[in-house]
Amino acid sequence: MWHEARKHERKLRGMMVDYKKRAERRREYYEKIKKDPAQFLQVHGRACKVHLDSAVALAAESPVNMMPWQGDTNNMIDRFDVRAHLDYIPMYTPPLLNPM
1 MWHEARKHER KLRGMMVDYK KRAERRREYY EKIKKDPAQF LQVHGRACKV HLDSAVALAA
61 ESPVNMMPWQ GDTNNMIDRF DVRAHLDYIP MYTPPLLNPM
């Protein structure tokens, strides 16, 4: 009986040590990758024709659904556009291809 209890105690102690080591590794990993989430944000898009029906297109582009981006009335965006959450949009120039 005593041997079984001792064996079970060793098994539990080993599991606790394993969990502790795993928690330490997890904490170290998350500390390494912890950065500003805005640094990971990437937005990719392309122009596409969304509305085939002209009535739906007119309703979607009505002033009710449009809002000025950053207070600029010359730059109107859809109120559901992701750009409403951005402070600025940096200009991206793709790298030039090296001739081989």
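Residue numbers (UniProt numbering): 1 to 100.
We treat Cβ as the ideally placed atom computed from N, Cα and C, and that holds for glycine.
Non-local C-beta neighbours of M67 in its own chain, meaning closer than 6 Å and more than five positions away in sequence, comprise R79, ordered along the chain. Beyond the five residues adjoining it in sequence on each side, I77 comes within less than 6 Å, by CB distance, of W69 and R83 in the same chain, given in chain order. Checking the DSSP bridge columns, you'll see M91 has no partner listed.
With respect to the C-alpha of P94, the residue from V56, C48 and H44 having the closest C-alpha is H44. G14 has its alpha-carbon roughly 54 Å from the corresponding atom of R46.
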